[in-house]
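Residue numbers (this note's numbering): -2 to 384. Quick reminder that beta carbons are idealized off the backbone N, C-alpha and C, glycines included. Here is the structure we will look at, set down as C-alpha coordinates.
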(Lines of atoms letter the chains of each structure in order from A and count residues from 1; the text may use other names and numbers.)
(Lines give C-alpha, C1' and ligand atoms only; values in the text may rest on other atoms or scores of the structure.)
Protein backbone atom coordinates (compact mmCIF):
# COMPACT_ATOMS: atom_id res chain seq x y z
CA UNK A 1 0.00 0.00 0.00
CA UNK A 2 1.28 3.45 -0.91
CA UNK A 3 0.86 6.15 1.75
CA UNK A 4 1.39 9.16 -0.53
CA UNK A 5 0.33 11.97 1.82
CA UNK A 6 1.23 12.43 5.50
CA UNK A 7 0.48 15.24 7.91
CA UNK A 8 0.79 15.37 11.69
CA UNK A 9 0.95 12.25 13.85
CA UNK A 10 3.42 14.07 16.11
CA UNK A 11 5.57 15.18 13.16
CA UNK A 12 4.97 18.91 12.65
CA UNK A 13 6.63 21.57 10.54
CA UNK A 14 5.09 25.03 10.38
CA UNK A 15 6.23 28.35 9.01
CA UNK A 16 4.64 31.65 8.08
CA UNK A 17 1.96 30.87 5.54
CA UNK A 18 2.09 27.08 5.53
CA UNK A 19 1.90 23.83 7.45
CA UNK A 20 3.97 21.04 5.93
CA UNK A 21 2.54 17.75 4.76
CA UNK A 22 4.83 15.44 2.80
CA UNK A 23 5.25 12.33 0.66
CA UNK A 24 8.23 10.13 1.57
CA UNK A 25 7.74 7.26 -0.88
CA UNK A 26 10.97 5.45 -1.76
CA UNK A 27 12.77 7.51 0.91
CA UNK A 28 12.45 10.55 -1.34
CA UNK A 29 11.05 13.39 0.78
CA UNK A 30 8.65 15.62 -1.15
CA UNK A 31 7.02 18.57 0.69
CA UNK A 32 3.28 19.07 0.19
CA UNK A 33 2.49 22.23 2.15
CA UNK A 34 -0.94 23.51 3.14
CA UNK A 35 -1.56 27.16 2.31
CA UNK A 36 -2.42 28.65 5.69
CA UNK A 37 -4.09 31.99 6.42
CA UNK A 38 -4.90 33.89 9.62
CA UNK A 39 -4.62 37.67 9.53
CA UNK A 40 -4.04 38.10 13.27
CA UNK A 41 -2.06 36.63 16.12
CA UNK A 42 -3.53 33.83 18.23
CA UNK A 43 -2.59 31.74 21.25
CA UNK A 44 -1.82 28.08 21.72
CA UNK A 45 -0.70 25.75 24.51
CA UNK A 46 2.90 24.72 23.78
CA UNK A 47 4.76 21.48 24.60
CA UNK A 48 5.66 22.85 28.03
CA UNK A 49 1.96 23.36 28.80
CA UNK A 50 2.21 27.17 28.68
CA UNK A 51 -0.03 29.57 26.78
CA UNK A 52 1.96 31.47 24.16
CA UNK A 53 1.18 33.87 21.33
CA UNK A 54 1.66 32.75 17.72
CA UNK A 55 2.15 35.56 15.18
CA UNK A 56 -0.17 36.38 12.30
CA UNK A 57 -0.08 33.88 9.44
CA UNK A 58 1.59 31.04 11.37
CA UNK A 59 -0.34 27.79 12.03
CA UNK A 60 -0.92 26.72 15.61
CA UNK A 61 0.17 23.28 16.78
CA UNK A 62 -1.58 23.02 20.13
CA UNK A 63 -0.69 20.56 22.90
CA UNK A 64 -3.73 20.96 25.15
CA UNK A 65 -4.37 17.62 26.84
CA UNK A 66 -2.05 15.62 24.56
CA UNK A 67 1.67 15.12 23.99
CA UNK A 68 1.59 14.66 20.19
CA UNK A 69 -0.08 17.97 19.40
CA UNK A 70 -2.77 18.87 16.89
CA UNK A 71 -3.37 21.54 14.27
CA UNK A 72 -5.89 23.95 15.79
CA UNK A 73 -8.27 25.83 13.48
CA UNK A 74 -10.90 28.22 14.85
CA UNK A 75 -13.43 30.74 13.56
CA UNK A 76 -13.13 34.46 14.17
CA UNK A 77 -13.92 35.52 17.74
CA UNK A 78 -13.59 38.74 19.75
CA UNK A 79 -12.71 39.01 23.44
CA UNK A 80 -14.98 41.87 24.46
CA UNK A 81 -13.31 42.29 27.87
CA UNK A 82 -10.92 45.18 27.40
CA UNK A 83 -8.60 44.03 30.20
CA UNK A 84 -8.11 40.27 30.38
CA UNK A 85 -4.95 40.21 32.52
CA UNK A 86 -4.42 43.64 34.11
CA UNK A 87 -7.52 43.19 36.21
CA UNK A 88 -6.92 46.32 38.28
CA UNK A 89 -7.97 48.33 35.19
CA UNK A 90 -11.47 48.56 33.78
CA UNK A 91 -13.12 46.34 36.38
CA UNK A 92 -15.58 47.29 39.14
CA UNK A 93 -16.93 45.53 42.21
CA UNK A 94 -20.47 45.55 43.49
CA UNK A 95 -22.28 44.37 46.62
CA UNK A 96 -19.95 43.03 49.28
CA UNK A 97 -16.69 44.29 47.79
CA UNK A 98 -14.28 41.79 46.28
CA UNK A 99 -10.61 42.67 46.69
CA UNK A 100 -8.22 42.33 43.75
CA UNK A 101 -4.42 42.39 43.96
CA UNK A 102 -2.89 42.40 40.47
CA UNK A 103 0.18 40.54 39.16
CA UNK A 104 0.83 38.44 42.25
CA UNK A 105 1.31 34.95 40.80
CA UNK A 106 2.74 33.03 37.86
CA UNK A 107 -0.05 32.45 35.35
CA UNK A 108 -0.61 29.70 32.75
CA UNK A 109 1.61 31.67 30.33
CA UNK A 110 4.59 31.45 32.71
CA UNK A 111 4.62 35.17 33.57
CA UNK A 112 3.85 36.86 36.90
CA UNK A 113 0.59 38.35 35.68
CA UNK A 114 -2.08 36.36 37.52
CA UNK A 115 -4.14 38.27 40.09
CA UNK A 116 -5.49 37.46 43.52
CA UNK A 117 -9.25 37.85 43.98
CA UNK A 118 -10.65 37.67 47.51
CA UNK A 119 -14.40 37.15 47.67
CA UNK A 120 -16.01 37.86 51.04
CA UNK A 121 -18.63 35.71 52.68
CA UNK A 122 -21.95 37.44 52.13
CA UNK A 123 -25.60 36.54 52.04
CA UNK A 124 -26.13 38.91 49.11
CA UNK A 125 -24.80 39.26 45.59
CA UNK A 126 -21.18 40.25 45.17
CA UNK A 127 -19.64 40.87 41.73
CA UNK A 128 -16.41 41.70 39.95
CA UNK A 129 -17.44 42.94 36.53
CA UNK A 130 -17.15 44.88 33.33
CA UNK A 131 -20.14 46.26 31.44
CA UNK A 132 -20.51 44.49 28.10
CA UNK A 133 -22.93 44.84 25.22
CA UNK A 134 -25.56 42.09 24.98
CA UNK A 135 -28.13 41.36 22.25
CA UNK A 136 -31.32 39.60 23.25
CA UNK A 137 -31.41 35.95 22.12
CA UNK A 138 -27.66 35.80 21.37
CA UNK A 139 -25.47 33.15 22.98
CA UNK A 140 -22.36 34.32 24.83
CA UNK A 141 -19.56 32.47 26.59
CA UNK A 142 -17.44 33.75 29.47
CA UNK A 143 -14.27 31.89 30.44
CA UNK A 144 -11.46 32.30 32.96
CA UNK A 145 -8.42 30.46 34.31
CA UNK A 146 -8.52 30.01 38.09
CA UNK A 147 -6.91 28.09 40.93
CA UNK A 148 -7.19 28.08 44.69
CA UNK A 149 -4.88 30.38 46.64
CA UNK A 150 -5.24 28.53 49.92
CA UNK A 151 -4.49 24.85 49.34
CA UNK A 152 -8.16 23.97 49.73
CA UNK A 153 -10.94 24.05 47.13
CA UNK A 154 -12.59 27.41 46.50
CA UNK A 155 -16.02 28.06 44.98
CA UNK A 156 -17.16 30.86 42.66
CA UNK A 157 -19.52 31.54 39.78
CA UNK A 158 -19.44 33.31 36.41
CA UNK A 159 -22.26 35.45 35.11
CA UNK A 160 -23.53 37.70 32.34
CA UNK A 161 -26.65 39.62 31.30
CA UNK A 162 -26.76 41.19 34.77
CA UNK A 163 -29.21 44.07 34.81
CA UNK A 164 -31.79 42.09 32.88
CA UNK A 165 -32.87 38.83 34.52
CA UNK A 166 -29.23 37.78 34.94
CA UNK A 167 -27.58 34.52 33.90
CA UNK A 168 -25.44 32.97 36.63
CA UNK A 169 -23.53 29.69 36.43
CA UNK A 170 -23.69 26.90 38.95
CA UNK A 171 -20.83 26.74 41.45
CA UNK A 172 -17.36 26.16 40.01
CA UNK A 173 -14.62 24.61 42.15
CA UNK A 174 -11.06 25.91 41.89
CA UNK A 175 -8.40 23.44 43.03
CA UNK A 176 -4.61 23.68 43.46
CA UNK A 177 -4.17 23.35 39.67
CA UNK A 178 -4.90 25.93 36.98
CA UNK A 179 -8.14 25.13 35.16
CA UNK A 180 -10.14 26.98 32.55
CA UNK A 181 -13.79 27.45 33.53
CA UNK A 182 -16.45 28.34 30.96
CA UNK A 183 -20.11 29.36 31.12
CA UNK A 184 -22.43 29.80 28.13
CA UNK A 185 -25.75 31.60 28.32
CA UNK A 186 -28.38 33.26 26.11
CA UNK A 187 -28.96 36.96 26.70
CA UNK A 188 -32.51 37.74 27.78
CA UNK A 189 -32.34 41.44 26.89
CA UNK A 190 -30.29 43.90 24.88
CA UNK A 191 -28.02 46.59 26.29
CA UNK A 192 -24.94 47.09 28.41
CA UNK A 193 -24.96 44.37 31.07
CA UNK A 194 -22.72 43.43 33.96
CA UNK A 195 -20.50 40.43 33.14
CA UNK A 196 -17.82 38.75 35.20
CA UNK A 197 -17.32 36.85 38.46
CA UNK A 198 -20.07 36.22 41.00
CA UNK A 199 -19.84 35.05 44.59
CA UNK A 200 -21.18 31.83 46.06
CA UNK A 201 -23.57 33.05 48.72
CA UNK A 202 -22.43 32.68 52.35
CA UNK A 203 -19.04 31.32 51.33
CA UNK A 204 -15.75 33.22 51.09
CA UNK A 205 -13.18 32.42 48.40
CA UNK A 206 -9.52 33.24 47.76
CA UNK A 207 -8.56 32.76 44.10
CA UNK A 208 -5.74 33.19 41.65
CA UNK A 209 -7.26 34.30 38.33
CA UNK A 210 -6.01 34.97 34.79
CA UNK A 211 -7.18 35.31 31.21
CA UNK A 212 -10.83 36.27 31.53
CA UNK A 213 -12.68 36.26 28.21
CA UNK A 214 -16.17 37.19 26.97
CA UNK A 215 -17.14 36.24 23.43
CA UNK A 216 -20.23 35.85 21.30
CA UNK A 217 -20.73 32.14 20.62
CA UNK A 218 -21.88 28.83 22.04
CA UNK A 219 -18.46 27.71 23.29
CA UNK A 220 -15.14 29.12 24.47
CA UNK A 221 -12.35 29.42 21.93
CA UNK A 222 -8.62 29.76 22.64
CA UNK A 223 -7.57 32.62 24.88
CA UNK A 224 -7.44 36.12 23.32
CA UNK A 225 -5.35 38.55 25.45
CA UNK A 226 -6.51 42.17 25.73
CA UNK A 227 -4.97 45.29 27.25
CA UNK A 228 -7.17 48.37 26.97
CA UNK A 229 -9.46 47.40 24.08
CA UNK A 230 -11.34 44.42 22.72
CA UNK A 231 -9.29 42.13 20.42
CA UNK A 232 -10.38 39.92 17.51
CA UNK A 233 -8.67 36.71 16.49
CA UNK A 234 -9.34 36.28 12.76
CA UNK A 235 -10.60 32.98 11.30
CA UNK A 236 -7.98 30.62 9.90
CA UNK A 237 -7.90 28.17 6.97
CA UNK A 238 -5.59 25.46 5.62
CA UNK A 239 -6.02 24.43 1.99
CA UNK A 240 -4.29 23.39 -1.21
CA UNK A 241 -1.95 20.60 -0.03
CA UNK A 242 -0.84 17.94 -2.48
CA UNK A 243 -1.12 17.54 -6.26
CA UNK A 244 -2.48 15.19 -8.90
CA UNK A 245 0.52 12.86 -8.71
CA UNK A 246 -0.08 11.89 -5.08
CA UNK A 247 -3.86 11.33 -5.26
CA UNK A 248 -5.58 8.58 -7.24
CA UNK A 249 -8.91 9.40 -8.92
CA UNK A 250 -9.88 5.74 -9.26
CA UNK A 251 -9.40 4.46 -5.72
CA UNK A 252 -7.75 5.27 -2.43
CA UNK A 253 -8.20 5.97 1.27
CA UNK A 254 -8.60 9.29 3.05
CA UNK A 255 -7.81 8.97 6.78
CA UNK A 256 -8.01 11.56 9.56
CA UNK A 257 -7.85 11.65 13.34
CA UNK A 258 -9.72 14.75 14.45
CA UNK A 259 -12.20 16.32 16.84
CA UNK A 260 -14.49 19.30 16.56
CA UNK A 261 -14.00 22.32 18.80
CA UNK A 262 -17.66 22.09 19.80
CA UNK A 263 -21.05 20.64 18.97
CA UNK A 264 -22.11 23.93 17.40
CA UNK A 265 -24.13 22.22 14.63
CA UNK A 266 -21.98 23.56 11.81
CA UNK A 267 -20.71 21.32 9.02
CA UNK A 268 -16.92 20.84 9.05
CA UNK A 269 -15.21 19.04 6.17
CA UNK A 270 -11.89 17.50 5.16
CA UNK A 271 -11.86 16.96 1.41
CA UNK A 272 -9.83 15.52 -1.44
CA UNK A 273 -10.94 17.62 -4.41
CA UNK A 274 -10.17 19.07 -7.82
CA UNK A 275 -9.99 22.67 -6.60
CA UNK A 276 -13.77 22.89 -6.61
CA UNK A 277 -16.78 20.99 -5.28
CA UNK A 278 -17.34 19.07 -8.54
CA UNK A 279 -15.05 16.12 -7.85
CA UNK A 280 -14.34 15.29 -4.23
CA UNK A 281 -14.09 12.71 -1.48
CA UNK A 282 -15.08 14.14 1.88
CA UNK A 283 -15.33 13.23 5.55
CA UNK A 284 -16.21 15.48 8.46
CA UNK A 285 -18.61 16.51 11.18
CA UNK A 286 -22.27 16.85 10.26
CA UNK A 287 -24.60 19.74 11.06
CA UNK A 288 -26.56 17.36 13.30
CA UNK A 289 -25.37 16.72 16.86
CA UNK A 290 -23.10 13.67 17.35
CA UNK A 291 -22.94 12.78 13.67
CA UNK A 292 -20.11 12.26 11.23
CA UNK A 293 -20.72 12.12 7.49
CA UNK A 294 -18.96 11.07 4.34
CA UNK A 295 -19.71 11.46 0.66
CA UNK A 296 -18.35 11.25 -2.85
CA UNK A 297 -19.13 13.45 -5.85
CA UNK A 298 -17.95 13.10 -9.41
CA UNK A 299 -18.51 15.51 -12.26
CA UNK A 300 -20.88 17.52 -10.11
CA UNK A 301 -23.20 14.58 -9.32
CA UNK A 302 -23.39 13.09 -5.82
CA UNK A 303 -23.77 9.28 -5.90
CA UNK A 304 -24.18 9.17 -2.14
CA UNK A 305 -23.90 11.09 1.10
CA UNK A 306 -24.31 9.41 4.47
CA UNK A 307 -24.48 10.56 8.11
CA UNK A 308 -23.20 8.28 10.88
CA UNK A 309 -24.09 8.72 14.57
CA UNK A 310 -21.22 8.43 17.06
CA UNK A 311 -20.95 9.09 20.78
CA UNK A 312 -19.03 12.38 20.74
CA UNK A 313 -17.63 14.52 17.91
CA UNK A 314 -15.76 16.67 20.47
CA UNK A 315 -13.44 13.75 21.25
CA UNK A 316 -10.74 12.54 18.88
CA UNK A 317 -12.03 9.92 16.44
CA UNK A 318 -10.12 7.96 13.80
CA UNK A 319 -11.99 8.00 10.48
CA UNK A 320 -11.13 6.39 7.12
CA UNK A 321 -13.08 6.36 3.88
CA UNK A 322 -12.15 3.76 1.30
CA UNK A 323 -13.37 5.20 -2.02
CA UNK A 324 -13.70 2.99 -5.07
CA UNK A 325 -16.54 2.86 -7.56
CA UNK A 326 -18.92 0.10 -6.48
CA UNK A 327 -16.98 -0.59 -3.26
CA UNK A 328 -16.83 2.29 -0.78
CA UNK A 329 -16.64 1.90 3.00
CA UNK A 330 -16.36 4.04 6.13
CA UNK A 331 -14.35 2.89 9.15
CA UNK A 332 -14.57 4.64 12.54
CA UNK A 333 -12.35 3.75 15.50
CA UNK A 334 -11.56 0.25 14.26
CA UNK A 335 -15.09 -0.66 13.09
CA UNK A 336 -16.59 -0.70 9.60
CA UNK A 337 -19.75 1.35 10.10
CA UNK A 338 -21.06 1.68 6.54
CA UNK A 339 -20.57 0.46 2.98
CA UNK A 340 -21.78 1.71 -0.42
CA UNK A 341 -22.00 -0.03 -3.80
CA UNK A 342 -22.83 3.12 -5.79
CA UNK A 343 -20.79 3.55 -8.96
CA UNK A 344 -19.10 6.84 -9.81
CA UNK A 345 -16.29 8.46 -11.74
CA UNK A 346 -14.04 11.04 -10.12
CA UNK A 347 -11.48 13.07 -12.03
CA UNK A 348 -8.86 15.69 -11.33
CA UNK A 349 -8.17 15.18 -7.61
CA UNK A 350 -5.25 17.52 -6.94
CA UNK A 351 -5.52 18.93 -3.42
CA UNK A 352 -6.48 18.20 0.15
CA UNK A 353 -8.38 21.01 1.86
CA UNK A 354 -9.84 21.57 5.30
CA UNK A 355 -13.02 22.82 3.59
CA UNK A 356 -15.60 21.31 1.22
CA UNK A 357 -13.34 22.03 -1.75
CA UNK A 358 -15.31 25.11 -2.73
CA UNK A 359 -14.17 27.20 0.24
CA UNK A 360 -17.22 26.61 2.45
CA UNK A 361 -17.83 24.35 5.47
CA UNK A 362 -14.40 25.15 6.88
CA UNK A 363 -13.08 22.52 9.26
CA UNK A 364 -12.85 24.24 12.64
CA UNK A 365 -11.42 21.78 15.08
CA UNK A 366 -8.33 19.78 16.02
CA UNK A 367 -6.46 17.60 13.53
CA UNK A 368 -3.90 15.13 14.90
CA UNK A 369 -3.23 13.07 11.80
CA UNK A 370 -4.04 13.08 8.07
CA UNK A 371 -3.08 10.40 5.56
CA UNK A 372 -3.95 9.56 1.97
CA UNK A 373 -3.29 6.18 0.33
CA UNK A 374 -3.39 5.95 -3.46
CA UNK A 375 -4.72 2.39 -3.44
CA UNK A 376 -7.61 0.66 -1.69
CA UNK A 377 -6.72 -0.99 1.64
CA UNK A 378 -7.90 -4.33 2.94
CA UNK A 379 -10.36 -4.62 5.82
CA UNK A 380 -7.52 -5.67 8.11
CA UNK A 381 -5.43 -2.68 7.07
CA UNK A 382 -8.36 -0.31 7.60
CA UNK A 383 -9.12 -1.82 11.00
CA UNK A 384 -5.48 -1.41 12.08
CA UNK A 385 -5.32 2.14 10.68
CA UNK A 386 -8.39 3.34 12.60
CA UNK A 387 -7.85 1.43 15.87
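What is the C-beta distance between residue i and residue j, in whole angstroms, given that I count them as a contact (C-beta under 8 angstroms)?
i: residue 282; j: residue 257; result: 5 angstroms
i: residue 180; j: residue 166; result: 4 angstroms
i: residue 156; j: residue 195; result: 4 angstroms
i: residue 116; j: residue 78; result: Contact flag wrong, Cβ pair sits at about 19 angstroms.
i: residue 184; j: residue 135; result: 5 angstroms
Quick one: using the 10 Å Cβ neighbour count with 16 as the cut-off for buried, is residue i buried or exposed?
i: residue 176; result: exposed
i: residue 369; result: buried
i: residue 105; result: buried
i: residue 219; result: buried
i: residue 55; result: buried
i: residue 326; result: buried
i: residue 26; result: exposed
i: residue 28; result: exposed
i: residue 381; result: exposed
i: residue 149; result: exposed
i: residue 147; result: exposed
i: residue 111; result: buried
i: residue 299; result: exposed
i: residue 336; result: exposed
i: residue 121; result: exposed
i: residue 51; result: buried
i: residue 217; result: buried
i: residue 295; result: buried
Rounded to a whole number of angstroms, what is the C-alpha to C-alpha distance between residue i and residue j?
i: residue 284; j: residue 262; result: 4 angstroms
i: residue 383; j: residue 169; result: 37 angstroms
i: residue 249; j: residue 41; result: 34 angstroms
i: residue 99; j: residue 316; result: 47 angstroms
i: residue 203; j: residue 151; result: 7 angstroms
i: residue 101; j: residue 273; result: 53 angstroms
i: residue 171; j: residue 198; result: 16 angstroms
i: residue 344; j: residue 267; result: 18 angstroms
i: residue 109; j: residue 48; result: 13 angstroms
i: residue 297; j: residue 276; result: 6 angstroms
i: residue 107; j: residue 290; result: 41 angstroms
i: residue 246; j: residue 374; result: 15 angstroms
Quick one: residues in its chain with C-beta nearer than 8 angstroms to the C-beta of residue i, no 5 flanking neighbours on either side, listed in chain order?
i: residue 265; result: 257, 281, 282, 358, 359, 360, 361 and 362
i: residue 12; result: 55
i: residue 15; result: 30, 31, 32, 33 and 56
i: residue 21; result: 3 and 27
For residue i, collect the residues of the same chain with a Cβ closer than 6 angstroms to its Cβ; drop the 5 residues on either side in sequence, then sort them by chain order.
i: residue 322; result: 340 and 341
i: residue 44; result: 60
With a threshold of 7 angstroms on Cβ separation, who are the neighbours of residue i within its own chain once the five nearest residues in sequence on each side are excluded?
i: residue 355; result: 273 and 274
For the 8 angstroms Cβ check, are there 3 or more pairs between the stretch 34 to 41 and the stretch 329 to 343?
The way I'd put it, the stretch 34 to 41 doesn't touch the stretch 329 to 343; fewer than three beta-carbon pairs between them come closer than 8 angstroms.
Is the stretch 83 to 94 close to the stretch 236 to 251, with three or more CB pairs under 8 angstroms?
Output reads no: the stretch 236 to 251 does not touch the stretch 83 to 94.
For the stretch 345 to 355 against the stretch 223 to 240, are there 3 or more C-beta pairs whose distance is under 8 angstroms?
Judged by Cβ distances under 8 angstroms, the stretch 345 to 355 makes contact with the stretch 223 to 240, as three or more pairs qualify.
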